[in-house]
Structure formats: structure tokens, C-alpha cells
Amino acid sequence: ATGPSYETIVATGPVNAALPHHRPTDTVIESGHTVIIDVGALVGGYHSDMTRTFVVGDPTPLQQALYDLVLLAQQAGVAAVKAGMSVKELDGVCRGIITEAGYGDWFTHGTGHGVGLLIHEDPFVNRAGDAILQVGDVVTVEPGVYRDGFGGVRVEDLVVVTEDGCRVLTASPKDSPCLPSPPTT
């Protein structure tokens, strides 16, 4: 890598993690906080993008339920990606799962965007988009839920559209939101 794709986002706590593009503050990460880490690298002039969410210590039932919900929506979105699919349809796959569970108003951004020479480029995966996914498109699939007083959960992978679906470019695990122990000072 020749550098980061963008300023890394590390958002924690019931207020900062509720902001999808949080800017740094002096907030101390504490036990019980959700921590959203959104990071990417620049390689050969091309960008990458991924997000993982963690809980410091043991998750509350709501934190675990929302992590499981967002992960389910994200995995369904990745499984649905295919050439010829509209970006609106892909957004609907992820948004529908979250909305059906009663958290649609917590999903405050689009499901994804193209990534390449720019970190945010066409096609934009959202409710208003009319683009059609093409073989070779590189897009994120990143549903999330956010609420002031709770924080947020987002899981993001980068995929390349293929003839018969997609290939996930992100290799970071996402099966558990738990960090093994609270931070020490």
C-alpha cells in the first residue's frame, strides 16, 4: 500500500458511533461501547474500503441483535450481487431485511458505492439509483444502523461483480462483534 484510501474512521460510544462518517474526538473507548472501524488502503492508484464493528467486552442483547441483523443483511446483499442487477434492487435486499426487523429508520445511508480510482464513485447503491451492475464493477456492500444514545453497527465488504455473482475482496473476519476484553488504562 502507498497509503490510506481516506482518513480512517474509528467511532465509539453511544453518540460518536451513531454518526456514519464520524470525525475524531477525544472520546475514550470504554467497556460496553460499540466501535466502528472503517479503513482502506491505496494500492497502485486504486482504493479499497472495509468496515467492521466491535463491542468492547460483552455485547448487550440489543448490540448483539443489531450486529446479527446487520450481518444478515450484509451477507444477503453480497449473495444477491450479480451483473444486470439494479443498484436500487441491491439496496432493497439489505434495506428490506433491516426494515422488516423494525429498524428501517435506523438505516440512514445507502447500501454502498463504487470504489476504484476514487473512494466514492459510480455506481452508488441506494434507493434512488438507476445504475445496473456490470461485470468488473467494484462496489461496497455496507448496510448499517445508527441511533444517538445507542451508537451504531456497520459491516462492509468490497466485492467485484462477476458473470455469476461476485467475488469478495475483503478477507477480514466478521462473525463476532466482540473484542476479547475491555481496554486497560
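This note's numbering applies: residue 159 is where the sequence shown begins, and numbers increase by one. Quick reminder that beta carbons are idealized off the backbone N, C-alpha and C, glycines included. Treat the numbers as computed from the prediction; the structure is a model and nothing was measured.
Legend entry - For residue 160 and residue 346, the rounded distance between their alpha carbons: Residue 346 is absent from the structure shown; the chain starts at 159 and stops at 343.
Inset, instruction - Thinking residue 238 and residue 248 are a contact (beta carbons under 8 angstroms), I'd like their distance in whole angstroms, please. - result: Right, the Cβ-Cβ distance comes to about 6 angstroms (below 8 angstroms), so this counts as a contact.
Inset, instruction - Would you kindly work out how many angstroms separate the C-alpha atoms of residue 244 and residue 178, rounded to a whole number? - result: So the alpha carbons of these two residues sit roughly 24 angstroms apart.
Legend entry - Outcome for residue 254 when other beta-carbon atoms lying within 10 angstroms are tallied against a minimum of 16: Answer is exposed; the Cβ neighbour count stays below 16.
Inset, instruction - If I'm right that residue 299 touches residue 311 with Cβ under 8 angstroms, what's the distance once you round it to whole angstroms? - result: In this structure, residue 299 and residue 311 do not form a Cβ contact; the two beta carbons are roughly 14 angstroms apart against a cut-off of 8 angstroms.
Legend entry - residue 253, enclosing beta strand (DSSP E) - first and last residue: Looking at the DSSP string, residue 253 is not in any beta strand (DSSP E); the run it does join, the alpha helix (DSSP H), is 245-258.
Legend entry - Reference residue 204, options 163, 210, 297, 259, closest by Cα: Of 163, 210, 297, 259, the residue nearest in Cα terms is 163.
Inset, instruction - Check whether the Cβ atoms of residue 302 and residue 267 lie closer than 8 angstroms to each other. - result: Yes. Within cutoff.
Inset, instruction - Tell me, to the nearest whole angstrom, how far the beta carbon of residue 227 is from that of residue 256; I am working on the premise that it is less than 8 angstroms. - result: Contact flag correct, Cβ pair sits at about 6 angstroms.
Inset, instruction - Out of 167, 207, 195, 212, point me to the one whose CA is closest to residue 296's CA. - result: Measuring from the Cα of residue 296, the nearest candidate turns out to be 207.
Inset, instruction - Using alpha carbons as the reference points, say which of 235, 181, 276, 192 lies closest to residue 325. - result: When only C-alpha atoms are compared, the closest one is 235.
Legend entry - Whether residue 168 touches residue 189 by CB criterion (8 angstroms): Using a Cβ distance threshold of 8 angstroms, residue 168 and residue 189 do not count as a contacting pair.
Inset, instruction - If I'm right that residue 304 touches residue 176 with Cβ under 8 angstroms, what's the distance once you round it to whole angstroms? - result: Sure, about 5 angstroms apart at Cβ, within 8 angstroms.
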